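> In this note's numbering, the protein residues as written are 2 to 331.
1) Three Cβ pairs or more, each shorter than 8 Å: is that satisfied between the segment 145-160 and the segment 258-265?
2) Is it right to say residue 208 is buried, meaning 16 or more other beta carbons lie within 10 angstroms of its own, or is it exposed?
3) Under 7 Å from any heavy atom of the ligand ATP, does the C-beta of residue 156 make it?
4) How about residue 98 and residue 241: are their beta carbons less than 8 Å apart?
5) Please classify residue 217 as buried or exposed, where buried requires at least 16 neighbouring CB atoms within 10 angstroms.
6) Which word fits residue 222, buried or exposed, when buried means at least 16 other C-beta atoms lie within 10 angstroms of its C-beta?
7) Just curious, the alpha helix (DSSP H) that residue 244 is in, first and last residue?
8) In angstroms with no decimal places, state the Cα-to-Cα distance between residue 162 and residue 189.
9) Distance, Cα to Cα, residue 28 vs residue 49?
10) CB residue 62 to CB residue 39, shorter than 8 Å?
11) With contact counted as at least three CB pairs below 8 Å, one residue from each stretch, are the segment 132-147 and the segment 156-173 in contact?
12) Consult DSSP for residue 219 and reduce its assignment to one of helix, strand or coil.
13) Using the C-alpha atoms, what's the distance from residue 83 back to residue 55?
14) At what residues does the alpha helix (DSSP H) containing residue 272 begin and finish?
15) Quick one, which of 51, 35, 141, 220 has its alpha-carbon nearest residue 176's?
16) Whose C-alpha, out of 140, 106, 52, is nearest the C-alpha of residue 81?
17) Return the bridge partner residues of residue 196 from the DSSP annotation.
18) From residue 304 to residue 20, what distance separates their C-alpha atoms?
19) Is the separation between the beta-carbon of residue 205 and that of residue 154 shorter than 8 Å?
20) Would you tell me roughly how many angstroms separate the C-alpha atoms of residue 6 and residue 64, rounded to the nearest one?
21) In whole angstroms, what separates the C-alpha of residue 316 from that of residue 23?
22) Would you say residue 319 and residue 291 are within 8 Å of each other, going by their C-beta atoms?
23) Apart from the five residues on each side of it in sequence, which residues of its chain come closer than 7 Å, Cβ to Cβ, to residue 273?
24) Buried or exposed: residue 227, going by 16 or more other Cβ atoms within 10 Å of its Cβ?
25) Rounded to the nearest angstrom, what separates residue 173 and residue 167 at their Cα positions?
26) Between which two residues does the beta strand (DSSP E) containing residue 41 stretch?
27) In chain order, what residues of the same chain lie with their CB nearer than 6 Å to the CB of residue 68, ignoring the 5 residues before and after it?
In structure tokens, the structure reads:
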């Protein structure tokens, strides 16, 4: 879950600082020191990071991408003072390569991924993301797409539901939850977040329900990831972002659950290690790493930030820099 607060003024500006803002600015700054830097905010949200980057770098052009038309609308208002230096595009992050090609900017100096669901999506009950509100089972980041959580819950075979709950929600009681969903939907379609949360609660053993927060949390996360193909998008978008970076360009990823963070760690690790045969006295140029890690493991928000914004607690930050062009580009 993205940790930007949703308190806004009449222009749509956020009233609170986005998650790990100072660290994000610090990590990206060296890549944005040139005469006309370009940065991509691949999950624009409310535009808090974007606003801070534009304010810190007067020559910067920012390309903002978000699949949620409401996010584009609100960010357009928030970033109005920088209208001449922004390009906002309604798209999924894994369309990054196509977006940049259409803009005539195939190479960029920085890319930021602020993953997960934003505070407005959670806090607006009708979006159906949260188990704390009774709302239609929706969970679409882009309301124009066909697949909803209601379709997943009521039409996916039980074995497929088990896989989704286990893989995307890390729900150890996935079979119990999925089988009870199957039993209940046979009586009547499950159409509300409240009803689904009740079913999940009933499926989870009583001893487990007493700890670890709301028992529906993992199921709702799993359904959201499935509906929006979030991990699939990241799996495509992060390598595309790395490929688009200029020499010295940097990527920063803010992840909010272990699945996103593990995927990020795996992609960055693959790009920052030598790929040649072991034992060579001198690494072959073609097999030298193109990127270097900028963070040691996953960095966490400070206790002070978490106290100020509890939604930041799950954030994990990783970053890397392009240190070498591919051999065929040299």
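From the three backbone atoms N, C-alpha and C, an ideal C-beta is built for every residue, glycine too. In this text, all values refer to a predicted model and were calculated from it rather than measured experimentally.
Quick answer:
1) no
2) So residue 208 ends up on the exposed side.
3) Although the ligand ATP was asked about, the structure shown includes no ligands whatsoever.
4) yes
5) buried
6) buried
7) 231-245
8) 17 Å
9) 16 Å
10) Taking 8 Å as the Cβ cut-off, residue 62 and residue 39 qualify as a contacting pair.
11) no
12) helix
13) 7 Å
14) 259-272
15) 220
16) 52
17) None; residue 196 has no bridge partner.
18) 12 Å
19) no
20) Residue confidence is low: residue 6 scores 39 on pLDDT, short of 50, so the model does not pin down where it sits. Its coordinate-derived value is still stated next. Roughly 22 Å between the two C-alpha positions.
21) 14 Å
22) In this structure, residue 319 sits away from residue 291, with a CB-CB distance that is not shorter than 8 Å.
23) 290, 292, 293, 294, 321
24) Residue 227 comes out buried.
25) 7 Å
26) For residue 41, the enclosing beta strand (DSSP E) has its first and last residue at 39-42.
27) Closer than 6 Å at the Cβ level, and outside the excluded window around residue 68, lie 93, 142, 143.
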